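Working notes, structure below.
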Amino acid sequence: MSKKVDEAPTKMDEASSMTQNTGDSTVNKEQIPANPETSVPQDVSPELLQFFYKQMVFIREFDRRLLRLQRAGRLGTYAPVEGQEACQVGSAQAMREGDFLVPTYRDSGAMMLRGFPVSSVLLYWNGRLEGLQIPAGVSVFPLAIPIASQLPHAAGIAWAAKLQHKDQVTLAMFGDGATSEGDFHEAMNFAGVFQLPMVFFCENNQYAISLPVSRQTATETLAEKAAAYGFSGQRVDGGDVLAVYRAVRDAIAKAAMGQGPTLIEALTYRYGAHTTSDDPTKYRTEEELASWRQQDPVVSFGSRLRQWGLWGDAQEQQWQAQVQEKLIQAVAVMEGSPPARPTDLFEHVYAQLPPRLRAQKAALEKEVAQARGGVQ
Amino acid sequence: MSKKVDEAPTKMDEASSMTQNTGDSTVNKEQIPANPETSVPQDVSPELLQFFYKQMVFIREFDRRLLRLQRAGRLGTYAPVEGQEACQVGSAQAMREGDFLVPTYRDSGAMMLRGFPVSSVLLYWNGRLEGLQIPAGVSVFPLAIPIASQLPHAAGIAWAAKLQHKDQVTLAMFGDGATSEGDFHEAMNFAGVFQLPMVFFCENNQYAISLPVSRQTATETLAEKAAAYGFSGQRVDGGDVLAVYRAVRDAIAKAAMGQGPTLIEALTYRYGAHTTSDDPTKYRTEEELASWRQQDPVVSFGSRLRQWGLWGDAQEQQWQAQVQEKLIQAVAVMEGSPPARPTDLFEHVYAQLPPRLRAQKAALEKEVAQARGGVQ
Amino acid sequence: MSQLTLVQAVQDALRCALDADNRVILLGEDVGRNGGVFRATEGLQERFGADRVVDTPLSESGILGASVGLAANGMRPVPEIQFLGFIYPGFQQVVAHIARMRWRSQGHYGLPMVVRAPFGGRIRAPELHSESTEAYFIHTPGLTVVAPSNPYDAKGLLLASIEFPDPVIFLEPMRIYRAFRTEVPEAYYTVPLGKAELVKVGEDVTVVTWGTLVRETLEVVHQLERDKGWSIELLDLRTLSPWDEEAVFNSVHKTGRVVVVQEATLQLGLAAEIAARVGEECLLDLEAPVTRVASWDVPPPLFQLEDWHAPTAQRIVNGIERVMIY
Amino acid sequence: MSQLTLVQAVQDALRCALDADNRVILLGEDVGRNGGVFRATEGLQERFGADRVVDTPLSESGILGASVGLAANGMRPVPEIQFLGFIYPGFQQVVAHIARMRWRSQGHYGLPMVVRAPFGGRIRAPELHSESTEAYFIHTPGLTVVAPSNPYDAKGLLLASIEFPDPVIFLEPMRIYRAFRTEVPEAYYTVPLGKAELVKVGEDVTVVTWGTLVRETLEVVHQLERDKGWSIELLDLRTLSPWDEEAVFNSVHKTGRVVVVQEATLQLGLAAEIAARVGEECLLDLEAPVTRVASWDVPPPLFQLEDWHAPTAQRIVNGIERVMIY
Ligand SMILES: Cc1ncc(C[n+]2csc(CCOP(=O)(O)OP(=O)(O)O)c2C)c(N)n1
Ligand SMILES: Cc1ncc(C[n+]2csc(CCOP(=O)(O)OP(=O)(O)O)c2C)c(N)n1
Ligand SMILES: [Mg+2]
Ligand SMILES: [Mg+2]
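Protein chains in written order, with the numbering used here: chain A, 1 to 376; chain B, 377 to 752; chain C, 753 to 1078; chain D, 1079 to 1404.
So this is what it looks like as structure tokens:
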């Protein structure tokens, strides 16, 4: 901990001390399990394989677009996804119709896959209340800002499904940093005790803002923490969409059969900053980033698809065009929204506005009129 | 969970399903490790062996006295110790001079062994602020009421010792129920990450008020939870003062050598009610209680001492007389205390009373005078 | 009709709610087999099964957070926090989630749930078992805070709270859990949220209070009316947020004098808000300062001094006298 | 002397404290290598080592609870909570332990510690990063709550807080972390706790505020003085608990009118207590109701509406006009 920034590990070989809790480095990539198959997988349809890739490309383009919009001052703080596309596509796509997603601020990709509108994600980061609206039939929870606090919600959602005998599994997403919060513990314990139909899906992107996972916990893996709650945990290569998909699919199947929860730790890396307010060069090295970039989840899966004969240049161009079209439309929705209405502050705070808030709303209306009329 | 009270397990053989989290029963005693030696132990002096016994007897008599006082209306709610004497004597006695104790409401025995005055414990449960006073030189924290919230304090105390290079280990006590709280998790994690010189000592008395430990967690043991924090956990027979003593002594030695924290789970049972407001017949059976009584920690250790030739009737009588004398004195201190002074409400809230509280204190003085003078 | 204590009325309301709506589920520490440490859920697990009256692990954030998910996914959870002082480890769930989930989902996930917790002191309990910190919740937008003062209201307000589409913090005055009985109909009925009760009509001064202190204050009021000949109006707020401004202002317009009595510590207890609002809306009516009678601004003590911490009869008398002879 | 922003002044104070007293230790999320998400601890780990400026796990209850133990065992911890809204998971540690440990040990374990947290909104941050919930802490006996409004005070108040024998909740107005610079001496100095600052003398009306809003309110005050010819007195509370009653009452005795401006939501924000106390102590001076200008009683919204949630210049003007033309 006494190392200065410029003494940070500069080679991945030096970055292999995850088991020593005084180390500064990220996970040793040799610990990443799984090994991409060379022949076309049999358990997943070609269409789904293509879909994986297409969605990952979409999320990446989406993410980059949002970063540009943010830099142009058209969004507020934004938490980028780049590098974690396989985690989000693999997990969300393994969910069945009616399953419930409980995401964090970094899970826009998964949210959109589960039906949350692209334009709403934009509106959300654009600071618009409209971005909070959840369409009917979409079983996605609002993205959680306070770390780990969504995990007890997920437990409750899963519990409700169990009590109502719904065929519904809840997938809760969270980061490596979340494992240090009390709410992680309490939710895991509820899941174990009540045998809840849910999957704890941890995107271990090696850092919680600046803190490497080696200082977040003294265990070697996060997956092993499941044992403390009487259920099983598993590590997967979060850069491999297929590995993520299979692990989550199986865990959901297990949960749906009444066999209880699973913790999945997906090893991944965020390529960008924690949020647009963050400067990752303060705590990470270029070399470390470059080494993770070599295993880019989107690029590498694209190559595999091509090897398997499931993807080519024409498709790539076509899809890229569609993606850009989709993004342009979403941005247009955002930009075309009428100006935010101040009195919307009062909407949906209660099912019915109590008298005092009605009076406050009226006062605000007056204030707005005054300010706009230049009256004082 | 659908069992009714009268369907609770009635034999210990039925009570062996701790691994099934739907069970209602307490730990299978066959799982309790250790086996009392038949020859005189070599690693512990005869005096210390006698001391163990004497202290256990003292705590038991103390506890029974407090229960009587409570029933007579001279104390408020009280949380009895009976059954857990070996846990408290074995652990507190393994501490070295200067080590720090962080107790709960049920650890009066351990507190007294570490120098907290007997009369203060009485005053505390008598609802007197004087019972909160900690004498100079006594490294004991105020007993914690909110479950598990003392564990981060213990981590901080141990951390301070480490930073100041003090040769001091912190022993934190807590119950089985505490392991479900977020603060247990956060403290354990800090201990693991910062390699703190401390011992987590869990008195697993099988119940958190009415909830059996089999419903508190889906793991088989509590000790195994330590693995989720990168350090080791261990189960001991909490009915065997020697086993507790040795485990804690070794864990303290390890911590003092800079080898980090340990979790110790001591299997025990409270013979009485959770507190004097509780009715344990609502959730436990007579048979279960009786079966634990068969291995009474005080009685069984007394027998061993006699077998080893270290204890006899004369000593027993003499010690009992001393104990009663000590208790009579402590009760006399309590009963002889001058009436509580209302304005003491304001003492020690701040190092220096701010003006507003000085005014409130003056108002209370007036109110007291009025009320006492019958003036309105 | 039967004569019930307040805690029996609570239990009766819970029975009615479990009967009326199978989405209702009770959860918390020791609420099941044990029937609750105050016996508020006695017999309910036997009657409705362990799926509807659930003993949870010792985990307040878990209980409250899981209730968010339960409510969002079709249930109507009624979590119990054993004592109000033990809601603090779950405070984030209350103020960051329970209070805001309807808003955060712009109406999609309303949370019909009721957090029950005994509050207030003076039962000779250990430290932290005697908290009167309703102000934390009253200051939090999105919550509705209710505190009954008698068995009849306890049942009716609790049923109204369970029916309510938004989360309610339901504070039960544990000191009077068994202090007295009133007639409580066996049938399902509700008492409206947001409405104060006019306990006693009067002309000279308005006294506003809630929870435990209603009954104690009424005694003082009767005594003062006898001794001094003053005519005193007494309001029981019943709902603490949103509180019934109309009832309070109307009374103050009439009397021109007001005393608010609370068990919470003085600084920023609800009485501060009432005083501020009365000052804003009724300044010209006021013949004396709005006077607050409260606990001192120090922690609730160990029990031997607790009767001097909370408002004593003497302190209430002093407060009323102060405004009457101003 | 140098010209520093408020966040630089905070950093400078922390440097001074670490220099002056080797019991001082900073801990929190990202405070070390990263230098804090607002750069308030920039360079301090390099300078003082990783034992004194410590990156902790993501664990507010752990950070605050460990600070209790650190303070009780000889250190002077200065934990940082990244944003005030993230203190909620550690709320129990604050209100049940930090606030009461000196009392609970009857003087044996005083806790000299300072919990630093940026507060307030209007920096276009995500949800829950814009909380103004100082009232929770002001209502809690045993705490001292401080909020500077400019760089000079930030350094002096923070050093005074670190010297203070009791726990301080030190709220940093993040909207003005970098908004302007003032002269800040390089040397160690303190600004006394518990004393308001008279920002501007005036005769007709007293305006009380703190934190971010001091500067904004001053602008409104200047404008109204120009436009209307009123003479307005402005007080910056600086310490929110215990707040400087004497300064406020003296000013109100003089002006007979008072407006309190806060970024907290209205109901039971600190302005309520000030209004209640002024009503109690200065009723006969008052020529108009004590008027509160505050955020509406709804959650701080996503950022596009946040400027309409917090007091606008218009709302402050309206408040002052209301009391002036009453
Ligand atoms: C309770 C809480 N504390 C602090 C923060 C501030 N914060 C936002 S993101 C973050 C790091 C989260 O790390 P991780 O869980 O690994 O998720 P990641 O951002 O890497 O996806 C922190 C400390 C917060 N949002 N909530
Ligand atoms: C945070 C908190 N929640 C609830 C309670 C009420 N309560 C007091 S003791 C207890 C059970 C504790 O069980 P355990 O940790 O096993 O300790 P034991 O009493 O068995 O020694 C409960 C729920 C509390 N004191 N603190
Ligand atoms: Mg992370
Ligand atoms: Mg127990």
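We put the beta carbon where it would ideally sit given N, CA and C, even for glycine. Quantities reported herein were computed from a predicted structural model and do not represent experimental measurements.
Paired residues, beta bridge with Met198 (chain A) - DSSP:
In the DSSP output, where bridge partners are listed per residue, Met198 (chain A) has A:Thr170.
Same chain only: Cβ atoms within 7 Å of Asn397 (chain B), ignoring 5 sequence neighbours per side
Low per-residue confidence applies at Asn397 (chain B): pLDDT is 33, beneath 50, and the placement is therefore not dependable enough to give any value.
Best match in B:Pro522, B:His724, B:Gln691 and B:Thr644 for proximity to Gln464 (chain B) [C-alpha to C-alpha]
It is B:Thr644 whose Cα lies nearest to the Cα of Gln464 (chain B).
Boundaries of the alpha helix (DSSP H) in which Asp807 (chain C) is found, first to last residue
DSSP places Asp807 (chain C) outside any alpha helix (DSSP H); the residue lies instead in the beta strand (DSSP E), whose first and last residues are Val805 to Asp807.
Below 6 Å from a heavy atom of ligand 4 - residues by beta-carbon:
Checking every Cβ against the heavy atoms of ligand 4 under 6 Å gives B:Gly551, B:Asp552, B:Gly553, B:Asn581, B:Tyr583 and B:Ala584.
Report yes or no: do three or more beta-carbon pairs, one from the segment 869-881 of chain C and one from the segment 133-153 of chain A, lie closer than 8 Å?
Because the criterion of three Cβ pairs below 8 Å is not met, the segment 869-881 of chain C and the segment 133-153 of chain A do not touch.
Give the residues of chain B in contact with Glu1323 (chain D), contact being defined as C-beta atoms less than 8 Å apart.
Contacts between Glu1323 (chain D) and chain B, judged by CB atoms closer than 8 Å, involve Pro731 and Arg732 in chain order.
Could you give the uninterrupted runs of the alpha helix (DSSP H) lying entirely in the segment 639-696 of chain B, keeping only those of 4 residues or more?
Taking only runs of at least 4 residues, the alpha helix (DSSP H) segments lying wholly in the segment 639-696 of chain B are 662-669 and 673-683.
Can you give me the C-alpha to C-alpha distance between Arg775 (chain C) and Met95 (chain A), rounded to a whole angstrom?
Rounded to whole angstroms, Arg775 (chain C) to Met95 (chain A) spans 26 Å at the Cα level.
Neighbour flag for Lys361 (chain A) against chain B, beta carbons, 9 Å
For Lys361 (chain A), no CB of chain B lies under 9 Å from its own CB, so it is not counted at the interface with that chain.
Which two residues bound the contiguous alpha helix (DSSP H) that contains Ala823 (chain C)?
From DSSP, the alpha helix (DSSP H) with Ala823 (chain C) extends over Glu812 to Ala824.
Would you say the beta carbon of Arg284 (chain A) is closer than 8 Å to some non-hydrogen atom of ligand 3?
The answer is no for Arg284 (chain A).
Between Val1172 (chain D) and Leu1318 (chain D), which are expected to be in contact by the criterion C-beta below 8 Å, what is the C-beta distance as a whole number of angstroms?
Not confirmed; about 15 Å, so no contact.
Does the contact criterion of 3 or more C-beta pairs under 8 Å hold for the segment 843-857 of chain C versus the segment 345-365 of chain A?
Cβ pair count under 8 Å is three or more, so yes.
I believe Val516 (chain B) touches Phe492 (chain B) by the beta-carbon criterion, under 8 Å. Please report the beta-carbon distance rounded to the nearest angstrom.
Contact annotation, Val516 (chain B) with Phe492 (chain B): C-beta distance approximately 5 Å; criterion of less than 8 Å satisfied.
So the beta strand (DSSP E) Ile1247 (chain D) belongs to, where does it begin and stop?
Start and end: Val1246 to Pro1251.
Under three-state DSSP, which class holds Pro1041 (chain C)?
Per DSSP, reduced to three states, the secondary structure at Pro1041 (chain C) is coil, with no helix or strand assignment.
Use the C-beta contact count for Pro511 (chain B): other C-beta atoms within 10 angstroms, 16 or more gives buried, fewer gives exposed.
With fewer than 16 Cβ atoms within 10 Å of its Cβ, Pro511 (chain B) is classed as exposed.
Give a yes or no on whether 9 Å exceeds the smallest Cβ distance from Ala371 (chain A) to chain D.
So, interface residue.
Skipping 5 residues on each side, what residues in its chain have a beta carbon closer than 6 Å to that of Ser1208 (chain D)?
Apart from sequence neighbours up to five positions away, the residues of its chain that approach Ser1208 (chain D) with a beta-carbon distance below 6 Å are Gly1199 and Pro1378, ordered along the chain.
Measure how close the beta-carbons of Val457 (chain B) and Arg482 (chain B) come, nearest whole angstrom, since I'm counting them as under 8 Å.
The C-beta separation of Val457 (chain B) from Arg482 (chain B) comes to about 6 Å, placing the pair in contact by the 8 Å criterion.
Within the segment 483-533 of chain B, note down every full alpha helix (DSSP H) run reaching 4 residues or more, in order along the chain.
Whole alpha helix (DSSP H) segments, 4+ residues: 484-489 and 494-501.
I'd like to know if the segment 835-844 of chain C and the segment 878-892 of chain C are in contact, where contact means that at least 3 CB-CB pairs between them fall below 8 Å.
Below 8 Å, enough C-beta pairs join the segment 835-844 of chain C and the segment 878-892 of chain C to call them touching: three or more.
Could you check where the beta strand (DSSP E) with Leu756 (chain C) kicks off and where it finishes?
Counting along the chain, the beta strand (DSSP E) containing Leu756 (chain C) begins and ends at Ser754 to Thr757.
Report the residues of the segment 1196-1217 of chain D with a CB closer than 7 Å to any CB of chain A, ordered along the chain.
Answer set for the segment 1196-1217 of chain D: Arg1202, Ala1203, Pro1204, Glu1205 and Leu1206.
Per-residue contacts from Trp1048 (chain C) into chain G (C-beta, under 9 Å):
The structure shown has no chain G; the protein chains it does contain are A, B, C and D.
Separation of Thr1284 (chain D) from Arg372 (chain A), as counted between CA atoms
Their backbone Cα atoms lie some 28 Å apart in a straight line.
Give me whichever residues DSSP pairs with Arg1047 (chain C) in a beta bridge.
Here the sequence assigns Ser to residue 1047 (chain C), which means Arg is not the residue at that position. Beta-bridge partners of Ser1047 (chain C) (DSSP): C:Thr1017.
Regarding Glu203 (chain A) and ligand 3, is the C-beta to nearest heavy atom distance less than 8 Å?
Residue side-chain check: Glu203 (chain A) places its Cβ nearer than 8 Å to a non-hydrogen atom of ligand 3.
Comparing alpha-carbon positions, which option in C:Gln797, C:Gln763, C:Gly1031 and C:Glu977 lies nearest Phe790 (chain C)?
If we check each option's Cα against that of Phe790 (chain C), C:Gln763 comes out closest.
What is the rounded straight-line gap between the Cα of Arg680 (chain B) and the Cα of Gln670 (chain B)?
Their Cα atoms are separated by approximately 14 Å.
Contact list for Asp183 (chain A) against chain C, beta-carbon separation under 7 Å
Among the residues of chain C, those whose CB is under 7 Å from the CB of Asp183 (chain A) are Ser813 and Gly817, following chain order.
Which residues in the same chain as Phe100 (chain A) place their Cβ atom closer than 8 Å to its Cβ, once the five residues preceding and following it in sequence are excluded?
So the list reads Ser139, Val140, Phe141, Ala154, Ile157, Ala158, Ala161, Gln168, Val169, Thr170 and Leu171, once near-sequence residues are dropped.
Contact residues within the segment 75-99 of chain A, judged by C-beta distance below 7 Å to chain D:
Within the segment 75-99 of chain A, those residues whose Cβ lies closer than 7 Å to any Cβ of chain D are, in chain order, Gly76 and Thr77.
Continuous alpha helix (DSSP H) stretch holding Ala1028 (chain C): start and end:
It spans Leu1022 to Cys1034 - the alpha helix (DSSP H) in which Ala1028 (chain C) sits, taken as one unbroken run.
How would you call Ser45 (chain A), buried or exposed, if buried means at least 16 neighbouring beta carbons within 10 angstroms?
The residue in question, Ser45 (chain A), is exposed, as its Cβ has fewer than 16 Cβ neighbours within 10 Å.
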